[in-house]
Structure formats: structure tokens, C-alpha cells
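Colleague: I have a structure I would like to understand better, so I am pasting it below and will then ask my questions one at a time.
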Amino acid sequence: MTKEKMKEIQASSTVKIEENKITAFDKTTCISTSFRIHKDGICGIYYHQGNMSDEEGFAKAEKNLELQRPYPFELETGKRSRDKTEKLLTDEELMATAKKSLKYLTKKYPDYTFSGQVATGTFEEWMENSKGMDYYCKDGNNNISIEFKHKDSKDISDGYISYSVRKLSLRKFYKIADNILTNFTKEVPMPEECIIIDKVYGYTGLLNQSLNVERLKNGTSLLTGKVGEKVFSDLLTISHDVSDKNTWMSSFWDGDGVVPKGDKVTFIKNGKILRGYCGKKIAKLYKVKTTGNEGFSYTDIPGGSFNSFTLKTGKKSAKEILNGKLAIIPIQSSGGGFKEKGEYTMPVQIGLLTDGEKILGRVPPFTISTNMFDMFGKDFLGVSKYNAEIFNDKVIMFKCEAGKI
Numbered sequence: 193m194t195k196e197k198m199k200e201i202q203a204s205s206t207v208k209i210e211e212n213k214i215t216a217f218d219k220t221t222c223i224s225t226s227f228r229i230h231k232d233g234i235c236g237i238y239y240h241q242g243n244m245s246d247e248e249g250f251a252k253a254e255k256n257l258e259l260q261r262p263y264p265f266e267l268e269t270g271k272r273s274r275d276k277t278e279k280l281l282t283d284e285e286l287m288a289t290a291k292k293s294l295k296y297l298t299k300k301y302p303d304y305t306f307s308g309q310v311a312t313g314t315f316e317e318w319m320e321n322s323k324g325m326d327y328y329c330k331d332g333n334n335n336i337s338i339e340f341k342h343k344d345s346k347d348i349s350d351g352y353i354s355y356s357v358r359k360l361s362l363r364k365f366y367k368i369a370d371n372i373l374t375n376f377t378k379e380v381p382m383p384e385e386c387i388i389i390d391k392v393y394g395y396t397g398l399l400n401q402s403l404n405v406e407r408l409k410n411g412t413s414l415l416t417g418k419v420g421e422k423v424f425s426d427l428l429t430i431s432h433d434v435s436d437k438n439t440w441m442s443s444f445w446d447g448d449g450v451v452p453k454g455d456k457v458t459f460i461k462n463g464k465i466l467r468g469y470c471g472k473k474i475a476k477l478y479k480v481k482t483t484g485n486e487g488f489s490y491t492d493i494p495g496g497s498f499n500s501f502t503l504k505t506g507k508k509s510a511k512e513i514l515n516g517k518l519a520i521i522p523i524q525s526s527g528g529g530f531k532e533k534g535e536y537t538m539p540v541q542i543g544l545l546t547d548g549e550k551i552l553g554r555v556p557p558f559t560i561s562t563n564m565f566d567m568f569g570k571d572f573l574g575v576s577k578y579n580a581e582i583f584n585d586k587v588i589m590f591k592c593e594a595g596k597i
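The letter at position 294 of the sequence shown is residue 486 when you use the numbering used here, and the numbering goes up by one with no holes.
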């Protein structure tokens, strides 16, 4: 019989802003613990919120062996810790930051109403077992997330300004806000060629699903039968990367306790599909190796997926990639997405024109039209290096068709 314990602590302080006024201050701490007993391929699990002694928690987990949750896998071993925190704001500094940022926005942009929050949060996670595993990670960030609405707008919200970093700089936040708001109401025509520039996460969901080993094997993936083939652009390389450099508010191990060799496993390299991803359960079912991508569950055996899905960043800035052309940021878009066969359509209610650094104005509403294979294939322009001027993040860029909304 072996023992295993998972524990997570999430703490946050939040200053809430509604219609140009600070309205509330919230402070929360959530402690989650999963006590596990493994015996003869069966796992007994007891989930608890708050503090509880190991003696009591494991006793309750042992009683739950009778629920017969099958987990016929060897537990992992290894010792490692990581702390990525830098400069977290105190509650006093958080309130002062909220007041300063709100004063700056309302004074410089009196035609707008601002709502949102200024927050700081920490994330800690442990995983240990009686076979010798002892893993720990900690991270924290400061965040300013502000929605804005122009006085002449009929919408509830016109857009947002988001700035999340481990060490906050109000000067950098003001720079992003100025870039977005200065020419927000200036109307400009659509460029001849429609190029989208945006944060990566909103466009990779279907591709992520398509690389799931279970989907690849049972034929429900758009990439079934294409492993080993070059399907996408030379510029596209995708990995599960849990290195110190890449990880953000997350553990470096998966739900099974597996850490990829070298902290990284690559699924697509220069457009060629190398492999899919899975955890121990699916790996055993289809007789392949686990890639360390099992999801976490505090109330049950591991399930789902845990995948950083990291796109390789190029060496050029967004402006260098555009090389004199202009691109559009879909700052407000809804009512579309990927269809089953990979087609992608998205109405863009508000799009901002940019040269990759400066926002030049607002284009008429339009609809994005493309598909997964073109988006990451012939029309893929790559992922720019860190873009401080607009997103405070790396960004994806691709060509597409623009139609009427």
C-alpha cells in the first residue's frame, strides 16, 4: 500500500472597479488537498478543502478503497521545487495601484467609462508520495484587467486592456492603454489584405484537440493518419513545455506525476506532425509512451489533459514580420469559431488596425473566414517575439479572408 498527496493553495487580493469607481476589495484563500491510498491497482481518494492532518486524510482515503477506482500504474519518484514569484503587491500597494491607474485613465480619457479589477494572486502546488516523490511549485502575478466603453457606444463594453506580469510597471500599463485608446474612435478603411494579429490562445483549441492520442487513434481527429507528414507551415512548431522559462502559474508535472524529459516534448516540428499527446491511461490503451499530459483531478483519478501547447516564438517582432503591411487586432469578436471539419469563421465587431507596434484606428466590422489547415499552413506568418506595445505577450499572425458581418 502506498500513499500519495496533492495539495494546492490559491490566494488572491482584488480591487474591483465599476463605472470609474472603486467599489470593493476582496481577499480569498482556497486550500485543496487530495489524499490517496493505492493498493492492488485500486485508488482510494479523499478530497478536502481547508487544512486537515495527514493521519485523518489518509484514513478517510483508505476507507474509500471500497469505491474501486482503478489506477494500475506505478507512482513516480523524484525531488524538485520551483519558485517563480518576483514582486507581488501588498494589499496597500494594490489599492494604491488601482487608484493611480483609474485616475490616469479617467483624467486622460474622460469620454470613456472603465470597469474591471486590479489584482494580485499566488499559486502553490505540491505532489508527494511514499515512494519518494516530492514536487513543489509556486508562482504569482499582478494583473490589471480593465474593460472600457465610449460614451457614444450602445454596447455594454467596447473592449479591454489586460496587463498581467510577475513584476508590475504602471508605466508599461499606461503605454498599452494609450496605444489602444488614443485612436480607438478614429475610423480607418480595411487594408487590401486581411492579416490577423492576436494572442495565441484563442486560435489553437481545435489543433490542440486534434493532437490528442485518443482522437488520433479512434479517427475523430482532423489529423488522423497524418502523423509523420508535413501538414503545416515551416514556421509552426508546437510543444508541451514546462521549463522554468515557459511555465506560467502552473506545475511542471502532470496528473500522473510525470515530467517530460528535458521539460519538453514536441508534437509538431516545422510543420511536421511528430506525435500526439496523452497520459498513462491512454498510453496503456493504445500501447504508446505517455507524453506527460494527463490532467489533474483532486476528486478522482487523473483525467482530461494538461498541455501547455506552446508555439515556438520567432526571432522577428510583429512589425518586422508585417514588413510594411498592416494587421487587425480583433478586440471584440463573438458568435463564431471552429466547425467540425476545421472551418473557422468569426464576426469581428471591433477591429483595430496596427503596423505591429502602433494602433492606427478602427476598421469597419467584418467576418474572419479561414480554416485550421490554412491558418497554420500557407497563411501562417508565425509567432512574433514579445510584443510590449499592445499585448505584453507574444502574438500569432495569419492571413485570412474578410467578409461582411
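Where is the CB? At the ideal position from N, CA and C, for every residue including glycine.
1) Go to Thr289, then tell me how far its alpha helix (DSSP H) extends in each direction, as first and last residue.
2) CB Met589 to CB Ile338, shorter than 8 Å?
3) My parser needs the alpha helix (DSSP H) runs of 4 or more residues fully inside the region 378-453; what are they?
4) Among Lys464, Tyr469, Glu210 and Thr458, which one has its Cα closest to the Cα of Gly308?
5) If you reduce the DSSP assignment to three classes, tell me which class Asn256 lands in.
6) For Ile368, count neighbouring Cβ atoms within 10 angstroms of its own Cβ and tell me buried if that reaches 16, exposed if not.
7) Do Phe444 and Arg274 come within 8 Å of each other at the CB atom, strictly closer than that value?
8) Could you compute how far the alpha carbon of Gly516 sits from the alpha carbon of Ile387?
9) What residue from Met564, Lys504, Leu552 and Gln524 has the CA that sits closest to Lys531's CA?
10) Taking its Cβ as the centre, do 16 or more other Cβ atoms sit within 10 Å of Gly548, making it buried, or is it exposed?
11) For Leu503, count neighbouring Cβ atoms within 10 angstroms of its own Cβ and tell me buried if that reaches 16, exposed if not.
12) Going by beta carbon distance, what residues of the same chain come within less than 7 Å of Asn139, once the five residues before and after it are set aside?
13) Name, in chain order, the residues that DSSP records as bridge partners for Ala203.
14) Expressed to the nearest angstrom, what Euclidean distance is found between the alpha-carbon atoms of Gly454 and Val405?
15) Residues bridged to Lys231 by DSSP?
16) If you measure between the beta carbons of Gly242 and Lys255, is that distance less than 8 Å?
17) So, is Cys592 buried or exposed, given that buried needs 16 or more other C-beta atoms within 10 angstroms?
18) Evaluate Thr482 with the Cβ neighbour count: other Cβ atoms within 10 Å of its Cβ, from every protein chain shown; 16 or more gives buried, anything less gives exposed.
19) Would you identify the three-state DSSP class for Lys517, choosing helix, strand or coil?
20) When DSSP labels each residue in this structure, what does Asp547 get in the three-state scheme?
21) Answer with yes or no whether the minimum CB distance from Leu281 to chain B is below 8 Å.
22) Start and end of the alpha helix (DSSP H) containing Asn584?
23) To the nearest angstrom, how far is the alpha carbon of Lys473 from that of Ala580?
24) Please classify Thr289 as buried or exposed, where buried requires at least 16 neighbouring CB atoms within 10 angstroms.
25) Tell me whether the beta-carbon of Arg228 lies closer than 8 Å to the beta-carbon of Ala251.
26) Between the alpha carbons of Lys364 and Met319, how many angstroms are there, rounded?
27) With distances taken Cα to Cα, identify the nearest neighbour of Val575 among Asn584, Thr559, Leu518 and Thr505.
28) Going by C-alpha distance, which of Asn400, Met441 and Ile234 is nearest Leu259?
29) Assign Met198 to buried or exposed, taking buried as 16 or more other Cβ atoms, counted over all protein chains shown, within 10 Å of its Cβ.
30) Could you tell me the distance, in whole angstroms, from the CA atom of Gly495 to the CA atom of Ser489?
31) In this structure, how does DSSP classify Ile372 when only helix, strand and coil are distinguished?
32) On the three-state DSSP scale, how would you describe Gly308?
33) What did DSSP end up calling Ile474 once you bin it into helix, strand or coil?
34) Pick helix, strand or coil for Met538, following the three-state DSSP scheme.
35) Using the beta-carbon count (16 or more within 10 Å), is Thr312 buried or exposed?
Modeller: Taking the structure as given:
1) Bounds of the alpha helix (DSSP H) holding Thr289 are Asp283 to Lys300.
2) No; because the gap between Cβ atoms is not below 8 Å, this pair is not in contact.
3) Listed in chain order, they are 397-402 and 405-410.
4) Per the Cα distances, Glu210.
5) For Asn256, the three-state secondary structure derived from DSSP is helix.
6) Buried, by the Cβ-count rule.
7) Cβ distance < 8 Å, so Arg274 and Phe444 count as in contact.
8) The straight-line gap from Cα to Cα measures roughly 12 Å.
9) Comparing Cα positions, the closest option is Met564.
10) Residue environment for Gly548: buried (at least 16 other C-beta atoms within 10 angstroms of its C-beta).
11) With a 10 Å radius around the Cβ and a threshold of 16 neighbouring Cβ atoms, Leu503 comes out buried.
12) This structure does not reach residue 139, given that the chain is present from 193 up to 597, and the question cannot be answered.
13) Looking at the DSSP assignment, Ala203 forms a beta bridge with Thr221 and Thr314.
14) The alpha-carbon atoms of Gly454 and Val405 are separated by roughly 21 Å.
15) Per the DSSP secondary-structure output, Lys231 pairs in a beta bridge with Ile234.
16) No, the pair does not count as a contact, with Cβ atoms beyond the cut-off.
17) Label assigned to Cys592: buried.
18) Per the 10 Å Cβ criterion, buried.
19) If DSSP states are grouped into helix, strand and coil, Lys517 belongs with coil.
20) Residue state, collapsed to three classes: coil.
21) Absent from the structure is chain B; it holds one protein chain and no more.
22) Neither: Asn584 is in no alpha helix (DSSP H) and is coded neither H nor E.
23) Rounded to whole angstroms, Lys473 to Ala580 spans 41 Å at the Cα level.
24) It is buried - the Cβ of Thr289 has at least 16 other Cβ atoms within 10 Å.
25) No, they are not a contact pair.
26) Distance between the alpha carbons of Lys364 and Met319: 36 Å.
27) Here the closest residue by C-alpha is Thr505.
28) Out of Asn400, Met441 and Ile234, Ile234 has the C-alpha closest to the C-alpha of Leu259.
29) Answer is buried; the Cβ neighbour count reaches 16.
30) Spanning the two alpha carbons is a distance of roughly 6 Å.
31) Of the three classes helix, strand and coil, the one that applies to Ile372 here is helix, per DSSP.
32) Secondary structure of Gly308 (DSSP, three-state): strand.
33) For Ile474, the secondary structure class from DSSP, reduced to helix, strand or coil, is helix.
34) Strand, per DSSP.
35) Buried: at least 16 other Cβ atoms inside 10 Å.
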